[in-house]
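Worksheet: one structure, shown below.
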Amino acid sequence: MKIATLRSAVYLLVLFHQGILCSSLALPSSSVDMKPKKFINSADNAVDEFISGLLLQYPNHLRKVANHHVILHSSFATQNKDAHPNKARVSLLSGGGSGHEPSHAGFVGENMLSGAILGGIFASPSVSSILAAIRASTLPSSDGGKGCLLIVKNYTGDRLNFGIACELANAEGRLVKMVVVADDCAIERKKGITGARGVAGTVFVHKAAGGAAGKGMDLDQVTSIAETVSKGVGSLGCALNTVTIPGADKVNDRLSKADDAGEPMMEIGLGIHGEAGKKQCPLMSCDDIAKEMLSIIQTYGRKVDSKIVPLYNPSDELIVLVNNLGGTSNFEMSLLTRSLVTQLEAAGCKATRVLVGSFMTSFDMQGASVSILPCTGD
Numbered sequence: 001m002k003i004a005t006l007r008s009a010v011y012l013l014v015l016f017h018q019g020i021l022c023s024s025l026a027l028p029s030s031s032v033d034m035k036p037k038k039f040i041n042s043a044d045n046a047v048d049e050f051i052s053g054l055l056l057q058y059p060n061h062l063r064k065v066a067n068h069h070v071i072l073h074s075s076f077a078t079q080n081k082d083a084h085p086n087k088a089r090v091s092l093l094s095g096g097g098s099g100h101e102p103s104h105a106g107f108v109g110e111n112m113l114s115g116a117i118l119g120g121i122f123a124s125p126s127v128s129s130i131l132a133a134i135r136a137s138t139l140p141s142s143d144g145g146k147g148c149l150l151i152v153k154n155y156t157g158d159r160l161n162f163g164i165a166c167e168l169a170n171a172e173g174r175l176v177k178m179v180v181v182a183d184d185c186a187i188e189r190k191k192g193i194t195g196a197r198g199v200a201g202t203v204f205v206h207k208a209a210g211g212a213a214g215k216g217m218d219l220d221q222v223t224s225i226a227e228t229v230s231k232g233v234g235s236l237g238c239a240l241n242t243v244t245i246p247g248a249d250k251v252n253d254r255l256s257k258a259d260d261a262g263e264p265m266m267e268i269g270l271g272i273h274g275e276a277g278k279k280q281c282p283l284m285s286c287d288d289i290a291k292e293m294l295s296i297i298q299t300y301g302r303k304v305d306s307k308i309v310p311l312y313n314p315s316d317e318l319i320v321l322v323n324n325l326g327g328t329s330n331f332e333m334s335l336l337t338r339s340l341v342t343q344l345e346a347a348g349c350k351a352t353r354v355l356v357g358s359f360m361t362s363f364d365m366q367g368a369s370v371s372i373l374p375c376t377g378d
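Counted from 1, the sequence shown has number 357 at position 357 by full-length UniProt numbering; the numbering is strictly sequential.
Here you go:
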């Protein structure tokens, strides 16, 4: 036994002398001093280059509106007004800041979005680009256009710019309406002026409105379905590490510090741009994270006839969307999905559909969100 211990000690001395042990035990430099590592040329041109790369992947599916960060379905390339898709169905547009891919350009397709408007990284798209998207996808009503619905996440810049473009388009004789999605349950209703943020539950609105438009429903009907889904869905995110955007000078280390007891920290309810969440707390087990998230969503509830009621009830059938915020492994996503669905079913609910993947991300944020939509009754 003593010989083995002596051999181990000699081996460690050799490694130390060669510098191998020193390098392997060296403490990592502070995250504040680390420059982010991203596949990027320049943050200034990143959105243009992203669009170019997207068009290379889907050359027969997507097209770009000239001089604007706007992606449309290829069916809108026609110059023949009689064959214009808007004569047959309502056009659907959504958008927002870049950095949340696949939202929203990734949802352009048959019975989904007609197009998407991209802002800069975490920045609202311009009024001119939104208006260009409306003009390219929506005929004036005098030419037989069926109108356009704008699906907008609840952020001040998005609401303002989409709202102005909506008014300008209507003044041109195009029928345009807007639905604002505010599904984030992290911010208490009595706090803030703008209200809840729009997050991954927006994807449910895309899908429901797309299905309605695909059936040939008129603008009022499509809008009504989109509003019903928007009011019915609740979402909440959590993260172990927050986001660092391309072009940043240093890594965002907000969650890299331990608490006073030395426990690693996590955050419940942070936004898709890294905005402050509901609370920071010591890292919990996967089951406890799921329990906390579901409790907050239920407590937040939904508004029905000016009253706040639970988002879902025992025996409800639910559609559950577990969204990767960008930097979480598929392994961990499956663990979280199991925790969420197990607890929902233990509460008497039935997870009719479970959707897991990257739907609305935040670059490299190591986190996930859950969006729950009751589908019992109306």
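For each residue, glycine too, the CB sits at the ideal point set by N, CA and C. These numbers were taken from a predicted model, which means no experiment stands behind them.
So who's on the other strand from residue i, going by DSSP bridges?
| i | result |
| --- | --- |
| Lys250 | Per DSSP, none; premise fails for Lys250. |
| Glu317 | Lys350 |
| Leu150 | Leu93 and Met178 |
| His206 | Looking at the DSSP assignment, His206 forms no beta bridge with any residue, so it has no partner. |
| Val322 | Val356 and Val370 |
| Ile117 | Val70 and Gly95 |
| Gln280 | Glu267 |
| Ile308 | Lys303 |
Report the rounded CA-to-CA distance for residue i versus residue j, giving the unit in angstroms.
| i | j | result |
| --- | --- | --- |
| Asn154 | Ala43 | 25 angstroms |
| Leu92 | Ile151 | 7 angstroms |
| Ala116 | Gly109 | 10 angstroms |
| Gly274 | Cys185 | 15 angstroms |
| Leu131 | Lys291 | 43 angstroms |
| Thr361 | Glu101 | 6 angstroms |
| Ile319 | Thr352 | 6 angstroms |
| Glu263 | Asp253 | 15 angstroms |
| Glu188 | Arg197 | 11 angstroms |
| Gly119 | His69 | 7 angstroms |
| Asp288 | Leu175 | 48 angstroms |
| Met266 | Ser369 | 13 angstroms |
| Leu335 | Leu56 | 35 angstroms |
| Ala276 | Asp249 | 20 angstroms |
| Ser256 | Asn241 | 7 angstroms |
Mapping the DSSP letters down to three states, classify residue i as helix, strand or coil.
| i | result |
| --- | --- |
| Glu275 | coil |
| Ile187 | coil |
| Val127 | helix |
| Glu267 | strand |
| Lys215 | coil |
| Lys38 | coil |
| Ile225 | helix |
| Ala26 | With a pLDDT of only 37 at Ala26, under the threshold of 50, the placement of this residue in the model should not be trusted, and no figure is reported. |
| Ile51 | helix |
| Cys375 | coil |
| Leu62 | strand |
With a Cβ-Cβ cutoff of 8 angstroms, do residue i and residue j count as a contact?
| i | j | result |
| --- | --- | --- |
| Asn161 | Val205 | no |
| Gly367 | Gly271 | no |
| Asn86 | Ser52 | no |
| Asn111 | Gly234 | no |
| Leu321 | Val243 | no |
| Ala165 | Ile134 | yes |
| Gly201 | Ser371 | yes |
| Thr328 | Val356 | no |
| Ser94 | Leu113 | yes |
| Val222 | Ala212 | yes |
| Glu324 | Ser358 | Just to set this straight, residue 324 is Asn in the shown sequence, not Glu. For Asn324 and Ser358, yes; Cβs fall inside 8 angstroms. |
| Ser124 | Gly163 | no |
> For the region 273-282 against the region 330-347, are there 3 or more C-beta pairs whose distance is under 8 angstroms?
Replying inline: no
> For the region 228-243 against the region 172-183, are there 3 or more C-beta pairs whose distance is under 8 angstroms?
Replying inline: yes
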